[in-house]
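Below is one structure, written out as C-alpha cells, with a few remarks after it.
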Amino acid sequence: MQHANSPTFKTILSSEIDQPMQYKLLAGVIIPRPIALVTTLGPRGPNAGPYSFFNGIATDPPMVVLSGGPRKTPEGEWAMKDTIRNIEASREFVVNLVSTPILDKMNICATDFDETVDEIDLAGFTTVASKHIAAPRLREAMVHLECRAVQIIPISNRPYRMILGEVLCFHIDEKILQERNRIDVAGFDPVGRLSGDDYTRVTDRLSVRRIPPPKDKAAPGAGGGG
Ligand SMILES: Cc1cc2nc3c(=O)[nH]c(=O)nc-3n(C[C@H](O)[C@H](O)[C@H](O)COP(=O)(O)O)c2cc1C
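Encoded structure:
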C-alpha cells in the first residue's frame, strides 16, 4: 500500500457542524438514492410518503431498510411522520418504487400536509389491494414490495426511526419483467434522488466485468453482496 501525497481535501468534523449542514453533506454525497414511496394504512386510511434514506440490505429473506426523521409541529414539538407512526402501529408497509412518470405525483405526497388531507387521492394515484398486508399498493408504480417491519430501531439524538422490513412479496409490472427475471431498466425508468430538488434518471449505463481471483487466492465461499 502506498500513501500518495495528500491532495487538497477539506475535512469537516461532524461534531462541529449543525444538523442542517450534516443533512446537506450526507444527502449531497450519497447520491443517487433510490426512492421508496411508502404506503401504509393509518387510523384515517391509506397514506403515502417518499423516503430516500432507503435501500435493499439482505436476502434469505429479502430485506430493506428505510429511515424516517421527525417533523416540527407549529407548536415547536417533534412529531413522527405519518409513515413512521403507521408502521410502528401496524408493522406493515409497501415500498412503491418511483419511476419518471410518477415523479410529480410522488412530489405531491412529499408535502407535509396534516392528517386530514388524502395525499394519495390529491396526487391522482389509484390504490390496489396487497396480497399479504392491509396497506395498499399504488397501481401507477411499476414495482411494489409488500413488507413486514421486523425491527424498528430508534437512532440519532432526534426521534429518527430505522425500519428493517422483510419483503414478503414482489409485484413487478410484466412490461418490465424480462427473461430469467431480469428487469428492463429503460422500461422501469427509475428516478434517483440527488440533493435538494434534483433527481436523476438511469440514462447512461456502464458495465464492468467482475474479476475472479486466482484459484489459490480465492476467499472461501465469497460472492454475493450489495
Ligand atoms: C424524494 C424525497 C425523499 C425523501 N426522503 C425522506 C427520508 O428518507 N426520510 C424522511 O424522514 N423524510 C424524507 N422525505 C420527506 C418526507 O417525504 C415528507 O416529510 C413527507 O411529508 C412524509 O410523509 P408522511 O408524513 O406521509 O410519511 C423525502 C422527501 C422527498 C421529496
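Each residue of the sequence shown is one higher than the one before, counting from 550 in this note's numbering.
The beta carbon of each residue, even a glycine, is placed where N, CA and C say it ideally should be.
Residue i: first and last residue of the uninterrupted alpha helix (DSSP H) it sits in
i	result
Lys573	Gln568 to Val578
Val666	Val666 -> no alpha helix (DSSP H), and no H or E assigned at all.
Candidates the options: closest to residue i by CA position
i	options	result
Pro611	Cys696, Ile725 and Glu641	Cys696
Ile561	Leu574, Asn554 and Ala553	Leu574
Tyr572	Cys658, Gly618 and Gly673	Gly618
Pro623	Asp722, Asp667, Asp661 and Ser705	Asp661
Ala585	Arg742, Pro769 and Ala672	Arg742
Asp722	Leu713, Glu715, Pro708 and Phe737	Phe737
Thr665	Pro769, Arg710, Arg686 and Asn596	Asn596
Neighbour-count burial assignment, residue i, 16 or more Cβ in a 10 Å radius
i	result
Tyr600	buried
Gly774	exposed
Ser679	buried
Met570	exposed
Pro761	exposed
Arg754	exposed
Thr557	exposed
Three-state secondary structure assigned by DSSP to residue i
i	result
Gly745	coil
Phe719	strand
Ala638	helix
Arg729	helix
Rounded Cβ spacing between residue i and residue j (contact assumed at less than 8 Å)
i	j	result
Phe603	Leu615	4 Å
Ala607	Glu641	Between Glu641 and Ala607 the Cβ distance is about 19 Å, and since that is not below 8 Å, they are no contact.
Gly740	Tyr748	The identity of residue 740 in the sequence shown is Val, whereas the question assumes Gly. About 5 Å separates the two Cβ atoms, so the contact holds.
Residue i, enclosing beta strand (DSSP E) - first and last residue
i	result
Asn596	Gly594 to Tyr600
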